[in-house]
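Please read the structure below before turning to the comments.
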Amino acid sequence: MTDRTIAQLPNSDLDAEALEWFARYSDAPDAAYSNAAFRTWLAGHPDRETAFNRWQADWRELDALPQSGVERLRLQLKQDQAKSTEKSRASERQPSWWSALIPQAALSALVVALAVGSGYMAWDHWQQQPLFTQMYQTERGQQLSVQLPDGSRLRLDTATRIEVSWYRQRREVKLPEGQAMFEVQKDAARPFDVVAGSTKVTVVGTRFAVRNTAGSPVQVTVEEGKVRVSPLPTNGRQAPESAAVLLMAGQQMVASADGGLGPVKAIAASGMAPWRDGRITLENVPLSQALAEFERYAPTHMVVHDAAVGALRLSGTFDPQKLAHFRYALPKVLPVRLKENGELTEIIASH
Numbered sequence: 499m500t501d502r503t504i505a506q507l508p509n510s511d512l513d514a515e516a517l518e519w520f521a522r523y524s525d526a527p528d529a530a531y532s533n534a535a536f537r538t539w540l541a542g543h544p545d546r547e548t549a550f551n552r553w554q555a556d557w558r559e560l561d562a563l564p565q566s567g568v569e570r571l572r573l574q575l576k577q578d579q580a581k582s583t584e585k586s587r588a589s590e591r592q593p594s595w596w597s598a599l600i601p602q603a604a605l606s607a608l609v610v611a612l613a614v615g616s617g618y619m620a621w622d623h624w625q626q627q628p629l630f631t632q633m634y635q636t637e638r639g640q641q642l643s644v645q646l647p648d649g650s651r652l653r654l655d656t657a658t659r660i661e662v663s664w665y666r667q668r669r670e671v672k673l674p675e676g677q678a679m680f681e682v683q684k685d686a687a688r689p690f691d692v693v694a695g696s697t698k699v700t701v702v703g704t705r706f707a708v709r710n711t712a713g714s715p716v717q718v719t720v721e722e723g724k725v726r727v728s729p730l731p732t733n734g735r736q737a738p739e740s741a742a743v744l745l746m747a748g749q750q751m752v753a754s755a756d757g758g759l760g761p762v763k764a765i766a767a768s769g770m771a772p773w774r775d776g777r778i779t780l781e782n783v784p785l786s787q788a789l790a791e792f793e794r795y796a797p798t799h800m801v802v803h804d805a806a807v808g809a810l811r812l813s814g815t816f817d818p819q820k821l822a823h824f825r826y827a828l829p830k831v832l833p834v835r836l837k838e839n840g841e842l843t844e845i846i847a848s849h
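All the letters of the sequence shown, read from the start, carry residue numbers 499 to 849 under our numbering.
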């Protein structure tokens with residue numbers, strides 16, 4: 499291994515300098531200290547040894563990656579390196595400092611050598627590899643309680659699907675459909691994100707609910723602590739900080755399909771994820787929407803063909819498993835009657 503001098507970079511690039519030194523000595527990092535050039539490099543800035551040690555720690559964390567993920571990473575890195583080399587040759591530009599400093603003896607190293615060869619592409623890929631992934635799903639009429647590896651607890655309502663991914667510096671749950679209650683274990687070093695539609699909810703430790711169902715806006719309700727609600731990036735651009743809303747305990751808000759955030763409103767404790775207790779709470783919603791909510795739990799065999807009837811507003815708390823009670827109450831609270839039509843019951847105007 500040669501002892502050529504490392505190209506000196508601005509302090510903002512200390513990690514990159516440390517990366518190359520570590521690439522040389524990845525098999526025996528302690529041996530670097532016997533290199534006079536390495537000791538000189540360390541002495542040149544007080545943060546250099548910290549950066550070098552951080553690469554050692556990051557290298558050890560590779561052991562936590564699933565083997566399948568490591569193999570995918572290896573393949574992707576080689577592809578990126580090839581693309582980077584091809585682009586550099588096509589443009590006939592001088593190679594960047596990292597392209598010129600590939601340590602040949604370390605080319606077989608999974609991350610470090612390729613990171614030196616293709617800038618921070620390897621580092622980025624590494625950061626993007628989840629340490630844990632799992633999908634959970636409930637069928638219609640089913641609920642599910644889940645404890646995640648960090649101790650966080652999730653409660654899934656009926657017809658709900660979530661996708662959990664744990665990364666080195668963040669925790670993420672995607673909610674493509676349904677609603678769930680989250681009791682998040684505090685970990686300031688790894689924020690907890692819930693992505694529902696075009697909306698992202700970020701927390702450190704709290705208890706909150708997120709709902710994302712077809713035809714309805716995303717709904718976020720905080721029972722304990724606080725969360726940050728923001729639109730997802732569009733076209734690669736982050737939403738401005740002013741677009742985010744801090745939601746406190748006892749508050750609720752909805753977000754449109756494009757991520758637009760609605761007003762914050764107070765909500766009573768009884769209205770916070772009542773489905774946990776087997777209840778549906780409707781607040782001035784169209785009858786057609788009320789039926790759709792019941793259908794999430796079980797077939798109702800009830801239909802509305804008249805748009806005016808479907809637009810009638812309904813409020814109340816119901817047990818989705820006791821549809822007979824809902825059928826009995828409906829003509830008493832709305833100007834409608836039930837018309838039996840074979841296996842279906844049509845809700846029609848009473849006049």
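C-beta atoms are modelled at their ideal positions from N, C-alpha and C, and glycine is treated no differently.
A quick note: this is a predicted structure, and the numbers were derived from the prediction, not measured.
Rounded Cβ spacing between A771 and A707 (contact assumed at less than 8 Å): Against the sequence shown, residue 771 aligns to sequence position 273. Against the sequence shown, residue 707 aligns to sequence position 209. Their Cβ separation, rounded to whole angstroms, is 4 Å, which keeps A771 and A707 in contact under 8 Å.
Would R777 and T815 qualify as a contact pair, given that the criterion is a beta-carbon distance under 9 Å? Here residue 777 refers to the residue found at position 279 when the sequence shown is read from its first residue. Here residue 815 refers to the residue found at position 317 when the sequence shown is read from its first residue. T815 sits close to R777, with the two beta carbons spaced by under 9 Å.
Can you tell me whether K698 is buried or exposed? The criterion is at least 16 other CB atoms within 10 Å of its CB, across all chains shown. Here residue 698 is taken as the residue at index 200 of the sequence shown, counted from 1. In the assembly as shown, K698 is a buried residue. Its beta-carbon has 16 or more other beta-carbons within 10 Å.
When you compare the CB positions of R688 and R668, do they come within less than 9 Å of one another, or not? Looking up residue 688 in the sequence shown gives position 190. Looking up residue 668 in the sequence shown gives position 170. Annotated as proximal: R688 and R668, with beta-carbon spacing under 9 Å.
Tell me the DSSP bridge mates of N551? For the purposes of this step, residue 551 is taken as residue 53 along the sequence shown, with counting starting at 1. Answer is none; N551 lacks a bridge partner.
Leaving aside the five residues before and after F792 along the sequence, list all residues of the same chain whose C-beta is less than 6 Å from its C-beta, in chain order. As a position in the sequence shown, residue 792 is number 294, starting the count at 1. Taking F792 as the centre and dropping the five residues before and after it, the same chain places the C-beta of T798 and P818 closer than 6 Å to its C-beta, in chain order.
Considering only DSSP beta bridges, list what T697 is partnered with. The residue given as residue 697 occupies position 199 in the sequence shown. Paired residues: A694 and P729.
Report yes if the CB atom of V682 is closer than 9 Å to the CB atom of V662, and no otherwise. Reading the sequence shown from its first residue, position 184 is the one you call residue 682. Reading the sequence shown from its first residue, position 164 is the one you call residue 662. No; because the gap between Cβ atoms is not below 9 Å, this pair is not in contact.
Close Cβ partners of E841 (< 7 Å) along its chain, the five nearest in sequence each way excluded: Here residue 841 is taken as the residue at index 343 of the sequence shown, counted from 1. So the qualifying residues of the chain are H799.
Does the beta-carbon of L832, which I'm using as the reference point, lie nearer than 8 Å to any heavy atom of the ligand PLP? Summarising the ligand content, the structure contains no ligands, and the ligand PLP is consequently not present.
Name the residue from Q749, D685, G703 and P674 whose alpha carbon lies nearest to the alpha carbon of A694. For this step, residue 694 is matched to residue 196 along the sequence shown. Of Q749, D685, G703 and P674, the residue nearest in Cα terms is P674.
Nearest-angstrom Cα separation, counted from S813 out to Y795: The residue you call residue 795 lines up with position 297 of the sequence shown. The residue you call residue 813 lines up with position 315 of the sequence shown. Straight-line spacing of the CA atoms in Y795 and S813 works out to 18 Å.
Terminal residues of the continuous alpha helix (DSSP H) containing S786? To locate residue 786, count along the sequence shown from 1; it is residue 288. Run containing S786: L785 to E793, per the alpha helix (DSSP H) assignment.
DSSP three-state label for A611, please. What you label residue 611 is simply residue 113 of the sequence shown in a count that begins at 1. Only weak support exists for where A611 lies, its pLDDT of 40 falling under 50; the coordinates are left without a value.
Where K830 falls: helix, strand or coil (DSSP): Locating residue 830 in the sequence shown gives position 332, where the first residue counts as 1. Helix, per DSSP.
Could you name the residues of the same chain whose beta carbon sits closer than 8 Å to that of L810, not counting the 5 residues immediately before and after it, in chain order? In the sequence shown, residue 810 corresponds to position 312, counting from 1. Excluding sequence positions up to five before and after L810, its CB lies within less than 8 Å of the CB of P784, L785, L832, P833 and V834, all in the same chain and listed in chain order.
Same chain, Cβ closer than 6 Å to K827, neighbours up to 5 away in sequence not counted: Working through the sequence shown from its first residue, we reach residue 827 at position 329. Looking at the sequence shown, residue 827 is not Lys but Ala. So the list is empty, once near-sequence residues are dropped.
Label L654 either buried or exposed according to how many other C-beta atoms from any shown protein chain fall within 10 Å of its C-beta, with 16 as the threshold for buried. Counting from 1 along the sequence shown, the entry for residue 654 is found at position 156. With 16 or more other Cβ atoms within 10 Å, it is buried.
In the DSSP assignment, what residue or residues form a beta bridge with V716? Within the sequence shown, residue 716 is the residue found at index 218, counting from 1. Note: V716 is bridge-paired with A753 in the DSSP secondary-structure output.
Which value, in whole angstroms, describes the spacing of the CA atoms of S728 and R774? Locating residue 728 in the sequence shown gives position 230, counting from the first residue. Locating residue 774 in the sequence shown gives position 276, counting from the first residue. So the alpha carbons of these two residues sit roughly 26 Å apart.
Where V781 and L512 are concerned, what is the direct C-alpha to C-alpha distance, given to the nearest angstrom? On the sequence shown, position 283 is the one that residue 781 refers to. On the sequence shown, position 14 is the one that residue 512 refers to. The sequence given here has Glu at residue 781, not Val. When rounded, the distance between both Cα atoms is 57 Å.
Three-state secondary structure (DSSP) of R835: What you label residue 835 is simply residue 337 of the sequence shown in a count that begins at 1. In the structure shown, R835 adopts extended strand secondary structure according to DSSP, grouped into three states.
Taking its Cβ as the centre, do 16 or more other Cβ atoms sit within 10 Å of S768, making it buried, or is it exposed? The sequence position of residue 768 within the sequence shown is 270, counting from 1. The residue in question, S768, is exposed, as its Cβ has fewer than 16 Cβ neighbours within 10 Å.
Q641 versus R709 - alpha carbon distance: Taking the first residue of the sequence shown as position 1, residue 641 is located at position 143. Taking the first residue of the sequence shown as position 1, residue 709 is located at position 211. Q641 and R709 have their C-alpha atoms spaced approximately 14 Å apart.
From the DSSP output, in three-state form, read off L673 for me. The residue given as residue 673 occupies position 175 in the sequence shown. Strand.
Please report the distance separating the alpha-carbon of M746 from that of T636. Reading the sequence shown from its first residue, position 248 is the one you call residue 746. Reading the sequence shown from its first residue, position 138 is the one you call residue 636. Using only the alpha carbons, I get a separation of about 29 Å.
Classify S848 as helix, strand or coil using the three-state DSSP reduction. Position 350 of the sequence shown, counted from the first residue, corresponds to residue 848. S848 carries a coil assignment under DSSP once its states are collapsed to helix, strand and coil.
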